[in-house]
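S.K.: Protein sequence lines, in the order shown, are assigned to chains A and B.
Residue 1302 is where the first sequence starts when you use my numbering, and the numbers rise one by one after that.
Residue 1302 is where the second sequence starts when you use my numbering, and the numbers rise one by one after that.
Number of protein chains: 2
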Amino acid sequence: MAPKVSDEYKTKKKTELLHAAKRVFITKGYTRATMQDVMDEAGVSRGALYAYFDNLEHLYMELLQFEDQQDVQFFTPITGETSWEQMTKWVYKQQVEIENIEQTLSQANSEFFLSLKDQQKQQSYPYITTRYEKMVDVLTVFFAHGTETGEFKPQLPPEVIARYLISVIDGLMLDTAHLGAEKTKVSVQMEALLFSLRAMLGPVQ
Amino acid sequence: MAPKVSDEYKTKKKTELLHAAKRVFITKGYTRATMQDVMDEAGVSRGALYAYFDNLEHLYMELLQFEDQQDVQFFTPITGETSWEQMTKWVYKQQVEIENIEQTLSQANSEFFLSLKDQQKQQSYPYITTRYEKMVDVLTVFFAHGTETGEFKPQLPPEVIARYLISVIDGLMLDTAHLGAEKTKVSVQMEALLFSLRAMLGPVQ
DNA sequence: TTGAAAAACGACACTGATGTCGTTTATAAT
DNA sequence: ATTATAAACGACATCAGTGTCGTTTTTCAA
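1. Whole-angstrom Cβ separation of residue 1360 (chain B) and residue 1322 (chain B), contact assumed at under 8 Å?
2. Please say whether residue 1487 (chain B) and residue 1461 (chain A) have beta carbons closer to each other than 8 Å?
3. Grouping DSSP H, G and I as helix and E and B as strand, with all else coil, what is residue 1374 (chain A)?
4. Out of B:1436, B:1494, B:1504 and B:1307, state which residue places its alpha-carbon closest to the alpha-carbon of residue 1372 (chain B).
5. Do you know whose CA, among B:1452, B:1476 and B:1341, lies nearest residue 1403 (chain B)'s CA?
6. Using alpha carbons as the reference points, say which of B:1457, B:1459, B:1446 and B:1504 lies closest to residue 1380 (chain B).
7. Tell me whether residue 1498 (chain B) is buried or exposed, calling it buried when 16 or more other Cβ atoms sit within 10 Å of its Cβ.
8. Excluding sequence positions up to five away, which residues of its chain have a Cβ less than 8 Å from the Cβ of residue 1312 (chain B)?
9. Evaluate residue 1428 (chain B) with the Cβ neighbour count: other Cβ atoms within 10 Å of its Cβ, from every protein chain shown; 16 or more gives buried, anything less gives exposed.
10. Three-state secondary structure (DSSP) at residue 1478 (chain A)?
11. Please list the terminal residues of the continuous alpha helix (DSSP H) segment that includes residue 1427 (chain B).
12. Tell me whether the stretch 1336-1349 of chain B and the stretch 1403-1412 of chain B touch, counting them as touching only if at least three CB pairs, one residue from each stretch, are closer than 8 Å.
13. I'd like to know if residue 1476 (chain A) contacts chain B, where contact means its C-beta is closer than 8 Å to some C-beta of that chain.
14. Under 8 Å between beta-carbons, which chain B residues line up against residue 1467 (chain A)? List them in chain order, please.
15. Does the beta carbon of residue 1388 (chain B) sit closer than 8 Å to a beta carbon anywhere in chain A?
16. Please confirm if residue 1324 (chain B) has its CB atom under 8 Å from at least one CB of chain A.
17. What's the call for residue 1355 (chain A), buried or exposed, on a 16-neighbour Cβ count within 10 Å?
18. DSSP on residue 1345 (chain B), reduced to helix/strand/coil?
19. CB-CB under 8 Å to residue 1482 (chain B), same chain, minus the five flanking residues each way: which ones, in chain order?
20. Label residue 1464 (chain A) either buried or exposed according to how many other C-beta atoms from any shown protein chain fall within 10 Å of its C-beta, with 16 as the threshold for buried.
21. Is DSSP giving residue 1354 (chain B) helix, strand or coil here?
22. Contact check, residue 1415 (chain A) vs residue 1478 (chain B) under 8 Å by CB: the rounded distance?
23. Would you mind telling me which residues of chain B sit closer than 9 Å to residue 1489 (chain A), beta carbon to beta carbon, in chain order?
24. What do you reckon, are the CB atoms on residue 1470 (chain B) and residue 1395 (chain B) nearer than 8 Å?
25. Is the Cβ of residue 1357 (chain B) closer than 8 Å to any Cβ of chain A?
26. Check the C-beta distance from residue 1449 (chain B) over to residue 1330 (chain B) and give it rounded, since I have them as a contact under 8 Å.
27. Excluding the 5 residues preceding and the 5 following residue 1357 (chain A) in the sequence, name in chain order all residues of the same chain whose CB lies nearer than 6 Å to its CB.
28. How about residue 1412 (chain A): is its C-beta nearer than 8 Å to some C-beta of chain B?
29. Starting from the C-beta of residue 1453 (chain B), find all residues in its chain whose C-beta is less than 7 Å away, skip the five residues before and the five after it, and write them out in chain order.
30. Using three-state DSSP, classify residue 1453 (chain A) as helix, strand or coil.
31. Apart from the five residues just before and just after residue 1393 (chain A), which ones in its own chain have a Cβ nearer than 6 Å to its Cβ?
32. Let me make sure I understand the geometry here. Which of B:1456, B:1494 and B:1363 has the alpha-carbon closest to that of residue 1468 (chain A)?
33. What's the C-alpha gap between residue 1340 (chain B) and residue 1423 (chain B)?
34. Below 8 Å on C-beta distance, what does residue 1335 (chain A) contact in chain B?
35. Does DSSP put residue 1382 (chain B) in a helix, a strand or coil?
36. Could you name the residues of the same chain whose beta carbon sits closer than 6 Å to that of residue 1315 (chain A), not counting the 5 residues immediately before and after it, in chain order?
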């Protein structure tokens, strides 16, 4: 169907496959998904899929990076809003994501990360660590900026607040993944999180 | 080796198998562990293992309940300490658990819970939900008690604080499971958690 | 001491998924 | 048109793990 094909063609095809894979991972999670599933979903042969991805693990890694890339950098552009408003909006965005966890890669992500238990594997994917540290960084910088403008008076080092914030979100995500958003009461927990942030970031506004 | 055997014998044997299983799950996690592994670890035949447990999922459920049962109820006995002291100790205990996550079932637990994505399966194990709610309950009661004695002046409903606390611990656990305790800086995050709790529980002491 | 009961054994058939590879097919360049 | 190229196909060999079941072994009770 296609020989000596343009680079754009190959990229397009790959993207196509990644989209199919995404759909599979959303519905089946990482552990229960198979290459077979992706082939079926993409309507493509065994050989075709394997021409693009060596195995499920690599496929997921590529998807992860692809998705991250799509992510708008929420914190970098400082708009006309106050830092606290921006913060609130981000938290709300996380809430929506968690409440709709069924239509999201979050669960598959957790499964994937947990499946890399092997230190061996950990090291073959430095991106995993980078990813976490990048997020810590973005948040840290954001808090530092808010501090410079005098809006925040952090009671703890910004980096600590950043890490802590990530933990809360991840935990709520994990619990919601297997209990559902009603059982974990996502929205009230988000209020608790905002309360905590307020306390940590000092007298806000 | 054993026919028409006493109930104690069977219980003992079962416990033995559960211990072997525990070792397996700690080293391999849930997803990568197999019945085969458990047989090998326990030095027992296929038939023997299957006589006690139908499959890996059931085996894990039994292990989970067995372990929970061993757990001392940390919060129920109110000793001579203040509630805040008790709280601090519990948080520290969680810290140790997370820092030693490699020798713990925590990771396997997460994997197991995530593997039950299926609503079908969820319902066949009501214990999973119960377990979470039980923990919420224990903490809520504890906070309520501290409030009655006048030690806490909660700024949020105790139940909300309880749920939030669980999220933080679970999130830190998850992140530490794949990044390691150094990368996530468990100890400083625990300080941040204590800071939050202090703020939520009102002027403490 | 003997025999019925059942615990433990392990061979086996089966399943579902993986990764490979020789073949077919489409297309871009000549 | 023709041809070289490589994308896509799908049959296949392989593998690891599962759950079953007929057989063997052990021990308790008569």
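For each residue, glycine too, the CB sits at the ideal point set by N, CA and C.
M.R.: By the coordinates alone:
1. 6 Å
2. no
3. coil
4. B:1436
5. B:1476
6. B:1446
7. buried
8. none
9. exposed
10. helix
11. 1427-1449
12. no
13. yes
14. 1472 and 1476
15. no
16. no
17. exposed
18. coil
19. 1399, 1400 and 1402
20. buried
21. coil
22. 6 Å
23. 1457, 1458, 1460, 1461, 1464 and 1465
24. yes
25. no
26. With 8 Å as the limit, residue 1449 (chain B) and residue 1330 (chain B) do not qualify as a contact, their Cβ atoms being about 42 Å apart.
27. 1336
28. yes
29. 1384, 1444, 1447, 1502, 1503 and 1505
30. coil
31. none
32. B:1494
33. 27 Å
34. Here the premise fails: no neighbours, minimum Cβ distance about 14 Å.
35. coil
36. 1353
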